[in-house]
Structures are given as C-alpha cells and as structure tokens.
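Engineer: What follows is a single structure, and I will ask about it in a moment.
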Amino acid sequence: MLVDYATKFAVAVPLYKIYTESVAEALVDIYSRPGVPEEVLSDQGTQFISDCMKEFCRLLGIKQETTIPYHPMCNGLVERFNATLKTCLRHLCSEQP
Numbered sequence: 001m002l003v004d005y006a007t008k009f010a011v012a013v014p015l016y017k018i019y020t021e022s023v024a025e026a027l028v029d030i031y032s033r034p035g036v037p038e039e040v041l042s043d044q045g046t047q048f049i050s051d052c053m054k055e056f057c058r059l060l061g062i063k064q065e066t067t068i069p070y071h072p073m074c075n076g077l078v079e080r081f082n083a084t085l086k087t088c089l090r091h092l093c094s095e096q097p
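Okay, so the sequence shown: first residue is 1 according to the UniProt record's numbering, each after it adds one.
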C-alpha cells in the first residue's frame with residue numbers, strides 16, 4: 001500500500017510474499033509513473049528497514065523515514081485507506097459466489 005500524502009493518490013499492489021525484493025520491484029513499477037519521491041514514510045516492517053531497502057532508497061535518492069513501532073496513528077492516512085480497501089474487498093467477495 002502506497003499513499004502520496006500530497007495528492008492522496010493511493011496504490012495497492014498484491015504481493016504473494018512480502019520480501020524486500022518484491023516490495024522494491026513493486027516500488028520501481030509505481031515510481032515509474034509519477035516519478036521517484038523525495039521522501040518515504042513507512043512502518044518498521046523488516047521489508048522496509050532492511051539493508052537492501054536502505055540501498056534501494058540511497059540509489060534513488062530517497063530519504064527514508066519510519067514511524068514509531070506499535071503506533072499506527074503515525075501513518076493514519078495509510079491506515080484509513082487500508083480499512084477502506086478491506087471494506088471494498090469484503091463487499092466484492094460477498095457479491096461473488
């Protein structure tokens with residue numbers, strides 16, 4: 001899940017496994033459309049704080065920030081979008097037999 005705080009544009013990408021490499025590949029795909037951001041705020045998931053992701057951000061010139069652990073309010077916009085997406089998916093699944 002990626003949300004642009006400036007435009008409120010959100011992108012959800014289904015990933016089979018949440019490894020650093022698969023997240024980095026998804027980010028390259030996403031960034032190829034609007035451009036590479038100056039700064040990224042993420043939670044402290046291992047896929048975001050790994051050495052590989054730090055190198056990925058360094059190579060693209062992205063300043064990497066993380067939220068406080070166990071404090072989802074720090075990333076409220078993303079948390080709200082996650083809830084909305086779950087509700088939409090739940091409705092879609094209930095309509096399909």
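The beta carbon of each residue, even a glycine, is placed where N, CA and C say it ideally should be. Since this is a predicted model, take the numbers as computed values, not measurements.
1) Pop quiz: Val40 and Ile62 are said to be a contact at Cβ under 8 angstroms. What is the actual Cβ separation, rounded to whole angstroms?
2) Is the segment 70 to 78 in contact with the segment 86 to 94, if contact means three or more CB pairs nearer than 8 angstroms?
3) Quick check on Ile49 - is its C-beta less than 8 angstroms from some C-beta in chain C?
4) Does the pairing of the segment 23 to 33 with the segment 52 to 61 give three or more beta-carbon distances under 8 angstroms?
5) Quick check: what's the CA-CA separation for residue 100 versus Asn75?
6) Check Glu39 in the structure and name its three-state DSSP category.
Structural biologist: Result, derived from the coordinates:
1) 5 angstroms
2) no
3) Absent from the structure is chain C; it holds one protein chain and no more.
4) yes
5) Nothing can be reported for residue 100: it is not among the residues displayed for the chain, which extend from 1 to 97.
6) strand
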